[in-house]
Ligand code: 5RP
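In the working numbering, the protein residues as written are -2 to 257.
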């Protein structure tokens, strides 16, 4: 087991560390899913265990809930908490307006419910997620199992009418079987290469019966904290239009990296 982090992992770690500045005692906090959000959960766990940080946490996936509990964080259900002060989550892509593609970790449905019910949404991501136009990352679409092939056909028909160069729709696999989300659905990944009009695409897809939700998160994020591989952290706030940089040095403490 190595405690040496790759440059990409350091970038994920430093943006999570900077995002800790947004976390205040007593907050109702949404915990995102994915490898970047996992750093945040570990850092919050450290604060809870070592400094008695009191927060009310809701997780966006079973995976995050499990990690949070392992880190000493008490996790409540969304129905217990209902509304949140802040959600911090990762993303697969973000554009200059902070519109996002999410769902690479198949948690997009819970992530969108939690983010939408949050006063503030902060995205943490390494610089590779920063794009001018969304769509290089295949768009995850969560669909119900019943009639999923019919739903797939309807999505393909809708995609063929869009102004796109090409499209390809694949069902997400988990080894030899279709991946099943925490909510018991399948994920279809829509490969478009470029999403010229995310709003139109979102509206079209959400009208198709069988589509539960898409990974397009539009007008949801308030700020993005970007970790650069050279140790710089950039905070872009879409509401104030401000951009801040700072340098964060990683001190590789054994206890932080034991599960890497
Ligand atoms: C999970 C997500 C993740 O936030 C997204 O996939 C980014 O993950 P990572 O931080 O591992 O790159 O949307 O559904």
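Note that CB positions come from ideal geometry on N, CA and C, so glycine has one too.
(1) For the alpha helix (DSSP H) containing residue 247, name the first residue and the last one.
(2) Using the beta carbon as the reference atom, which residues fall closer than 5 Å to any heavy atom of the ligand 5RP, ordered along the chain?
(3) Looking at the structure shown, is residue 20 part of a helix, part of a strand, or coil, going by DSSP?
(4) Can you give the beta carbon distance from residue 61 to residue 38, rounded, assuming they're within the 8 Å contact cut?
(5) Kindly list the residues whose CB is nearer than 6 Å to the CB of residue 203, restricted to its own chain and excluding five residues on each side of it in sequence; keep chain order.
(6) Short of 6 Å in beta carbon distance, which residues of its chain neighbour residue 213, apart from the five on each side in sequence? Order them along the chain.
(7) Look at the alpha carbon of residue 245 and the alpha carbon of residue 228, and state the distance between them as a whole number of angstroms.
(8) So what does residue 139 bridge to, in DSSP terms?
(9) Take the Cβ of residue 157 as the centre, count every other Cβ of all protein chains shown within 10 Å, and call the residue buried at 16 or more, exposed below.
(10) Per DSSP, residue 223 forms a beta bridge with which residues?
(11) Have a look at residue 32 and residue 9 and give me their C-alpha separation to the nearest angstrom.
(12) Tell me, to the nearest whole angstrom, how far the beta carbon of residue 27 is from that of residue 81; I am working on the premise that it is less than 8 Å.
(13) Roughly how far, in whole angstroms, is the beta-carbon of residue 72 from the beta-carbon of residue 88, given that I think they are within contact range, below 8 Å?
(14) Which word fits residue 3, buried or exposed, when buried means at least 16 other C-beta atoms lie within 10 angstroms of its C-beta?
(15) Below 8 Å between beta carbons: does that hold for residue 189 and residue 96?
(16) Which of the three DSSP states is assigned to residue 84 in this structure?
(17) Beta-carbon separation of residue 136 and residue 187 under 8 Å?
(18) Mind checking whether residue 103 and residue 46 have CB atoms under 8 Å apart?
(19) Hey, residue 234 and residue 218 are a contact pair by Cβ (cut 8 Å); roughly how many whole angstroms apart?
(20) Apart from the five residues just before and just after residue 242, which ones in its own chain have a Cβ nearer than 6 Å to its Cβ?
(21) Report yes if the CB atom of residue 210 is closer than 8 Å to the CB atom of residue 139, and no otherwise.
Taking the definition as stated:
(1) Here residue 247 corresponds to residue number 250 of the chain shown, with the count starting at 1. For residue 247, no alpha helix (DSSP H) segment is defined, and its DSSP state is neither H nor E.
(2) Any residue whose Cβ sits closer than 5 Å to a heavy atom of the ligand 5RP makes the list: 30, 31, 32, 33, 87, 89, 99, 100, 101, 102, 104.
(3) Position 23 of the chain shown, counted from the start, is the residue given in the question as residue 20. Three-state result, residue 20: coil.
(4) Numbered from its first residue, the chain shown carries residue 61 at position 64. Numbered from its first residue, the chain shown carries residue 38 at position 41. About 6 Å separates the two Cβ atoms, so the contact holds.
(5) As a position in the chain shown, residue 203 is number 206, starting the count at 1. By the criterion of a C-beta distance shorter than 6 Å, residue 203 is surrounded by no residue of its chain, once the five residues flanking it on both sides are discounted.
(6) Counting from 1 along the chain shown, the entry for residue 213 is found at position 216. Within the same chain, residue 213 has close Cβ partners 195, 199.
(7) Taking the chain shown and counting its residues from 1, one reaches residue 245 at position 248. Taking the chain shown and counting its residues from 1, one reaches residue 228 at position 231. When the Cα atoms are used, residue 245 and residue 228 turn out to be separated by approximately 6 Å.
(8) Against the chain shown, residue 139 aligns to sequence position 142. Bridge partners of residue 139 according to DSSP: 184, 210.
(9) Reading the chain shown from its first residue, position 160 is the one you call residue 157. Result: exposed.
(10) Position 226 of the chain shown, counting from 1, holds the residue named residue 223. For residue 223, DSSP records a beta bridge to 122, 231.
(11) Here residue 32 refers to the residue found at position 35 when the chain shown is read from its first residue. Here residue 9 refers to the residue found at position 12 when the chain shown is read from its first residue. As the crow flies, the alpha-carbon of residue 32 is around 8 Å from that of residue 9.
(12) As a position in the chain shown, residue 27 is number 30, starting the count at 1. As a position in the chain shown, residue 81 is number 84, starting the count at 1. Correct: roughly 5 Å between the Cβ atoms.
(13) What you label residue 72 is simply residue 75 of the chain shown in a count that begins at 1. What you label residue 88 is simply residue 91 of the chain shown in a count that begins at 1. With a Cβ gap of about 22 Å, residue 72 and residue 88 do not count as contacting.
(14) Position 6 of the chain shown, counting from 1, holds the residue named residue 3. Exposed, since its Cβ has fewer than 16 Cβ neighbours within 10 Å.
(15) Within the chain shown, numbered from 1, the residue matching residue 189 stands at position 192. Within the chain shown, numbered from 1, the residue matching residue 96 stands at position 99. No, these two residues do not count as a Cβ contact at 8 Å.
(16) By one-based count along the chain shown, residue 84 stands at place 87. Correct three-state label for residue 84: strand.
(17) For this step, residue 136 is matched to residue 139 along the chain shown. For this step, residue 187 is matched to residue 190 along the chain shown. Less than 8 Å divides the Cβ of residue 136 from the Cβ of residue 187.
(18) Against the chain shown, residue 103 aligns to sequence position 106. Against the chain shown, residue 46 aligns to sequence position 49. For residue 103 and residue 46, no; Cβs fall outside 8 Å.
(19) Looking up residue 234 in the chain shown gives position 237. Looking up residue 218 in the chain shown gives position 221. Actually they do not touch by this definition, with Cβ atoms about 10 Å apart.
(20) As a working note, residue 242 is residue 245 in the chain shown. 229, 231, listed in sequence order.
(21) To locate residue 210, count along the chain shown from 1; it is residue 213. To locate residue 139, count along the chain shown from 1; it is residue 142. Taking 8 Å as the Cβ cut-off, residue 210 and residue 139 qualify as a contacting pair.
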